[in-house]
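Heads up: the sequence shown at position 39 corresponds to 48 in the numbering used here, and the numbers run straight through without jumps.
Reviewing the structure listed below.
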Amino acid sequence: MKLGVFLPNWIGDAVMATPALRALRNKFAGAELVGIAKPVIEDVFRGSALLDRVLVHDAEGTAERRGLGFVRALRAEQFDLLLLLTNSFRTGWLAWLSGAARRVGANRNGRGWMLTDAIDVSKLPSIVSALDYYLALIEPLGCETTNKQTELSLTDADEAARRDFLATLDRRVAERPAVVLNSGGAFGSAKHWPIESFAELARRIVDRFERHAIVLCGPAERDAAREIVRLADRPGVTTPAGGNLSLGLSKALVRHADLMVTTDSGPRHFAQPFGVPVITLFGPTHIGLSETYGPRAVHLQLAVDCGPCQQRVCPLEHHRCMRELTVDRVFQAVCRQLDAAHTRAA
Numbered sequence: 010m011k012l013g014v015f016l017p018n019w020i021g022d023a024v025m026a027t028p029a030l031r032a033l034r035n036k037f038a039g040a041e042l043v044g045i046a047k048p049v050i051e052d053v054f055r056g057s058a059l060l061d062r063v064l065v066h067d068a069e070g071t072a073e074r075r076g077l078g079f080v081r082a083l084r085a086e087q088f089d090l091l092l093l094l095t096n097s098f099r100t101g102w103l104a105w106l107s108g109a110a111r112r113v114g115a116n117r118n119g120r121g122w123m124l125t126d127a128i129d130v131s132k133l134p135s136i137v138s139a140l141d142y143y144l145a146l147i148e149p150l151g152c153e154t155t156n157k158q159t160e161l162s163l164t165d166a167d168e169a170a171r172r173d174f175l176a177t178l179d180r181r182v183a184e185r186p187a188v189v190l191n192s193g194g195a196f197g198s199a200k201h202w203p204i205e206s207f208a209e210l211a212r213r214i215v216d217r218f219e220r221h222a223i224v225l226c227g228p229a230e231r232d233a234a235r236e237i238v239r240l241a242d243r244p245g246v247t248t249p250a251g252g253n254l255s256l257g258l259s260k261a262l263v264r265h266a267d268l269m270v271t272t273d274s275g276p277r278h279f280a281q282p283f284g285v286p287v288i289t290l291f292g293p294t295h296i297g298l299s300e301t302y303g304p305r306a307v308h309l310q311l312a313v314d315c316g317p318c319q320q321r322v323c324p325l326e327h328h329r330c331m332r333e334l335t336v337d338r339v340f341q342a343v344c345r346q347l348d349a350a351h352t353r354a355a
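Written as structure tokens, this is what we have:
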């Protein structure tokens, strides 16, 4: 049997889909499980045993990865079953064109007629975690969904990238236990905590705990990461922004950290699979939509009368939900997490 899965398009959502993928793997133990995803999502699953391989769909890629070429590639797979963890009409259309014998997905966005199993999700709560949403989509397939732990893997190349980055640093800094800071977010500027706040937090962390603070970034966030390092003005605050960036490097840095402090963005979800404590700074987004039930997760959100608004850019232009979330409050949470980790280690 060959089973294809249209994977979520966002990094965090892809990680939240891993409990559903694990349940599929357990239910269809003898099947070939093929992920269908954008290139960045392929990187999320690199090294994972949850999928046998990934078929990449890239609108700007080579001929076989886009348009009719990709449809031909789908049809050539001859899937017995296609599961859509996505909600778009486009993926419903691609599933229909694939010729798969069975096509399973949510009955949304007018695509129900393209599916053989159009799942009614209207009875789910209005605020439901993506993790629970994906588990609901696989229930009709008879999958057991009791384990909600997310999971990720590292490759040897990921570990090598981390070692290469640390080798560029002063040895006295590189050998310190690390706290990872993640300031970015592809969702939009409304999720961002001020650069100045991240810099002050990093400075306090290295001064109080003699830790190494590593500022993660993607290619579009290099300048912001460098500015945090500049404003922090401490040798112990560093960033890989000047080198080769990859999701694998970010995963490896999180895996070996004592703590992660992050906005509600995709890399936030790298912490839980590796058992790393994480403090997430929420602004415009509802905590319940990305809840992963991690026992070592702390959620901080300022109560404002205009939120959570779910907008990519603050419609009122004051961005109070993030700007008024103080460094003092976040640092107190950092102290509690690091002190708790020290107690556990003792």
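From the three backbone atoms N, C-alpha and C, an ideal C-beta is built for every residue, glycine too.
In this structure, the CA atom of A241 is about 41 Å from the CA atom of G44. Short of 8 Å from the beta carbon of E51, and not among the five residues preceding or following it, lie these beta carbons of its own chain, in chain order: G44, V63 and V65. In terms of CA proximity to E69, K47 leads the group V53, K47 and A58.
For H265, same chain residues with a beta-carbon under 6 Å away, outside a window of 5 residues either side, do not exist. The secondary-structure analysis by DSSP pairs A46 across a beta bridge with V65.
Bounds of the beta strand (DSSP E) holding R112 are R111 to A115. Following the DSSP letters along the chain, one finds T100 inside the alpha helix (DSSP H) bounded by residues F98 to S107. In terms of Cβ geometry, A32 and L12 do not form a close pair [threshold 8 Å]. Restricted to the segment 197-261, the beta strand (DSSP E) segments that are unbroken, complete and at least 3 residues in length are 221-225, listed in chain order. Judged by DSSP in its simplified three-state form, N18 adopts coil rather than helix or strand. A Cβ-Cβ separation of about 5 Å places S206 in contact with V336 under the 8 Å criterion. Between the segment 212-221 and the segment 276-295 there are fewer than three inter-stretch CB-CB distances shorter than 8 Å, so the stretches are not counted as touching. C-alpha of A234 to C-alpha of L190: approximately 9 Å in a straight line.
When the beta-carbon positions are compared, K36 and L150 come within less than 8 Å of each other.
When DSSP states are grouped into helix, strand and coil, E41 belongs to the strand group.
Per the DSSP secondary-structure output, H308 pairs in a beta bridge with T289. DSSP places I128 within a strand segment (E or B) once states are collapsed to three. In this chain, the beta strand (DSSP E) harbouring M269 covers L268 to T272. A distance below 8 Å separates the beta carbons of S259 and L225.
About 7 Å separates the beta carbons of H278 and T301, which is inside the 8 Å limit, making them a contact pair. In this structure R220 is not in contact with G193, their Cβ atoms being roughly 21 Å apart against a cut-off of 8 Å. A direct Cα-Cα distance of roughly 9 Å separates P324 from C318. Contact between the segment 70-78 and the segment 23-30 is absent: fewer than three C-beta pairs spanning the two stretches fall below 8 Å.
The continuous alpha helix (DSSP H) containing N35 extends over residues T27 to K36.
Annotated three-state conformation of L90 is strand, per DSSP. Here the C-alpha atom of D173 lies approximately 15 Å from the C-alpha atom of L163. In this structure, the beta-carbon distance from A199 to Q346 does not fall below 8 Å.
Listed in chain order, the non-local C-beta contacts of A72 below 6 Å within the same chain comprise G78, local neighbours out to five positions each way being set aside. Contact annotation: V270 and V188 have beta-carbon atoms nearer than 8 Å. Here I136 really is in contact with L298; their C-beta atoms are around 6 Å apart, less than 8 Å. Among the bridge pairs identified by DSSP, L190 is matched with V224 and V270.
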